[in-house]
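Have a look at the structure below, then the notes.
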Amino acid sequence: MTQAALFLMLSLIAAEPATQRFFTIEVVDEQTGRGVPLVELRTVNDIRLVTDSNGIAAFEEPGLMDQPVFFHVSSHGYEFPKDGFGYRGKSLPVREGGSAQLKLKRINIAERLYRVTGGGIYRDSVLVGRPNPLRQPVINGKVLGSDSVINALYRGKIYWFWGDTNRPAYPLGNFNVPGATSLLPADGGLNPRQGVNLEYFVGEDGFARAEAQMPGSGPTWIDGLVVLRDGTGRDRMFAGYAKIRNLLDVYERGLVEFDDATQRFKKAATFPLDSPTLLGGHPFLKVVDGVEYVYFAKPYPLIRVKADPESLAQPERYEAFTCLVKGSRLDAPKIDRAEDGSPHYSWKTNTPALFAAEQAKLVQQNLLKPDEVLLALQDADSGKAVSAHGGSVYWNDHLKRWVMITVEVGGTSFLGEVWFATADSPLGPWVYARKVVTHDNYSFYNPKQHPMWNEEGGRSLFFEGTYTHTFTDNKDATPRYDYNQVMYRLDLAAPQLNLPVAVYRHGETFVLGQPHGKGTEPSTTAVAFFALERPEEKSVPVFATKTEGIAKLVLGADPDNEKASPCFHALPADAKQPPATTVPLFEFTSPDGKTRVYSTATTWPDPGYRRAEAPFCRVWRNPTRLNLPRE
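Letter 304 of the sequence shown, counting from 1, is numbered 304 in full-length UniProt numbering, and no numbers are missing.
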């Protein structure tokens, strides 16, 4: 044998064990068959593996090969069946080059897809030789972890920016906004179901560089990323910035603009720290009465300004949708009330918005009644209040409504429960919500939708958030995943997302507040109650009909029109164990018998109206008596 042949043989022998020495564990979603990231596999002696973004875990442990090994299986929002002794796990025949597959039941409505940032996204797949979609599957831009994401479509690419970011070389990393770009799927980018090929802006050392290092000590944070067109027709990208000291102390705020020449942000304006309304959150554009505005969702879009660079740079032009007297402040709140005593909500400059925490405080102080609040988000079944913390709102073409994805503060995990809600207008009514992602004593904050990726006309919605043990008492950070962004997909046709929507009183009948196109509003703003737009297993359709000149509602079918579509879907009046959020809908008849009216109240205000002995059906209550403006 020649020396060259011997060298080749030895090389092949040495190369083969690189993938064959591992035992491959693949964990899949039993519903979709797709690999599940972020599944923990723990041996009896507490050796811990965590599946990568393919749902793969590579196991190699001297002393535990070539024998059965039991693995406890756990994952946020997923479940493995218990055995006879109550253990959720399975004994697997571990051997070099072998493999096994485990199937998990998904409890989450949303499907976990992959990790977007950090090291080792496809580490285990690389170790066992499984394919993966990324150009840089184990490290990219030397980024190990990144805080909350913001992004925008700008000049044909998606521009991504993050908060504080970790690196391998030292515990202190980039505190002045790293950034990257990616291509849209139509331009050669990955399908969002597969992943994101990020092209980081890097420095000479290869680490993601600072994209928004504003003068002054401490980190720079940005949010409110928005692209606006100026008077010359040129697109320009802006964001709000904050300078931070002592971890969370903001000592300067302002506006930055992206410089195409340097591919970095530069300061455009400094804002007074006491400005009651500023840009932030995740913006969207909307035309109202012929004027285009940029709305800032935090997560409720209660702050706006005209969508031009000049207005964006002037805090005094920002408006808040609020019931406070114009010019008043939260430290001495004054409620703006109409002649009938009801709170007057409207767009006002130089006045703060009332988000969930501020609204709750005014109710506690008896300055607002519970049915006078704008924000009444609650669990659709139990009626338990959901305190929305951070999130995003965008128009959805599939539902023909505005969709909110938000994280709850103070839920079953402090900052890790993600909720879905819809409304006819950016202002609401935001009432009924459904939890779509849960975490076991772990945070998942600042969830961000990516509407540029919506598939099937908006039916498939993608969002990500920051997965971290911060803000919990959990000291056991998940290796590689902690302090990183994790992507989810939500199928809006899922039966669990058939939420009650606003039903509006419209003349002699009722209509769903279903807009006819982006930026339009329902024909009236008087919400009578909430009901289902689509049928569910126990619901009954409700039709509007007119017989002998008498308009009324009928259940089950329209006797005069077989092709009629229902006004809405409700629950039977005698429904067994109905949701706590439902109430009876009553039918009332006028004294002359020629008019039928319907209400969730037990009496009708006009004299002589008779209530039917039995309720007509059950609908979902309207917890507030506000009439929102048409926009």
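Positions of the beta carbon are idealized from the N, C-alpha and C atoms, including for glycine. Owing to the predicted nature of the structure, the values given are computational and were not obtained by experimental measurement.
Here's the rule: buried if 16 or more other CB atoms are within 10 angstroms of the residue's CB, otherwise exposed. What is residue i?
i, result
"Glu408", "buried"
"Gln496", "exposed"
"Arg625", "exposed"
"Pro136", "Before going on, a small fix: residue 136 reads as Gln here, not Pro. So Gln136 ends up on the exposed side."
"Thr117", "buried"
"Lys82", "exposed"
"Leu247", "exposed"
"Leu172", "exposed"
"Gln263", "exposed"
"Gly517", "Since pLDDT at Gly517 reaches only 40, below the 50 mark, its modelled position is unreliable, and no value is offered."
"Thr181", "buried"
"Ile107", "exposed"
"Ser148", "buried"
"Pro535", "exposed"
"Phe201", "buried"
How many angstroms separate the CA atom of residue i from the CA atom of residue j?
i, j, result
"Gly55", "Gly63", "25 Å"
"Ser387", "Glu456", "31 Å"
"Gly410", "Ser146", "23 Å"
"Gln20", "Glu79", "29 Å"
"Gly254", "Val542", "52 Å"
"Gln365", "Ile335", "12 Å"
"Arg209", "Asn166", "12 Å"
"Lys594", "Pro429", "33 Å"
"Tyr481", "Leu324", "43 Å"
"Trp347", "Asp289", "14 Å"
"Pro168", "Arg48", "22 Å"
"His72", "Pro301", "43 Å"
"Val287", "Ala570", "34 Å"
"Gly206", "Ile139", "11 Å"
"Lys326", "Asp260", "39 Å"
"Gly416", "Thr232", "44 Å"
"Arg130", "Ala580", "49 Å"
"Thr349", "Ala376", "24 Å"
"Asp473", "Asn441", "8 Å"
"Ser125", "Lys306", "48 Å"
"Ala494", "Met452", "21 Å"
"residue 633", "Asp340", "Given a span of 1 to 631 for the chain in the structure shown, any question on residue 633 remains unanswerable."
"Phe296", "Val44", "49 Å"
"Asn197", "Val418", "26 Å"
"Phe284", "Val583", "35 Å"
"residue 633", "Thr32", "Because the chain is modelled from 1 through 631, residue 633 falls outside the range shown and cannot be assessed."
"Asn627", "Leu190", "44 Å"
"Asp491", "Val227", "28 Å"
"Gly84", "Gly383", "36 Å"
"Arg88", "Gly195", "30 Å"
"Pro370", "Ser311", "35 Å"
Quick one, are the C-beta atoms of residue i and residue j less than 8 Å apart?
i, j, result
"Leu127", "Phe22", "yes"
"Ala242", "Val256", "no"
"Tyr154", "Met237", "yes"
"Glu30", "Lys103", "yes"
"Gly390", "Thr406", "yes"
"Ala531", "Val619", "yes"
"Lys552", "Arg596", "yes"
"Asp223", "Gly188", "no"
"Arg489", "Leu113", "yes"
"Lys435", "Phe355", "no"
"Val94", "Phe70", "no"
"Ala573", "Ala614", "yes"
"Ala502", "Lys538", "no"
Quick test of your reading: residue i and residue j, contact by CB under 8 Å. State the CB separation rounded to the nearest angstrom.
i, j, result
"Pro426", "Ser392", "Incorrect: roughly 12 Å between the Cβ atoms, too far for contact."
"Glu40", "Ser74", "5 Å"
"Ala423", "Ala380", "Their Cβ separation, rounded to whole angstroms, is 13 Å, which puts Ala423 and Ala380 out of contact at 8 Å."
"Phe463", "Ser443", "At roughly 15 Å, the Cβ-Cβ gap does not stay under 8 Å, so Phe463 and Ser443 are not in contact."
"Tyr293", "Thr322", "Rounded, the Cβ-Cβ distance is 16 Å, inconsistent with contact."
"Arg115", "Ile121", "5 Å"
"Asn622", "Ala528", "7 Å"
"Leu368", "Pro343", "7 Å"
"Val143", "Pro178", "7 Å"
"Pro559", "Thr545", "7 Å"
"Thr600", "Leu585", "6 Å"
"Ala268", "Ala313", "6 Å"
Problem - the stretch 482-500 in contact with the stretch 456-472 per 3-pair CB rule at 8 Å - result: yes
Practice task
Could you say if the stretch 313-331 and the stretch 263-277 meet the contact criterion of at least three C-beta pairs nearer than 8 Å?
Solution key: yes
Exercise for the section: Take every Cβ of the stretch 598-615, pair it with every Cβ of the stretch 571-590, and state whether three or more of those distances are shorter than 8 Å. Expected result: yes
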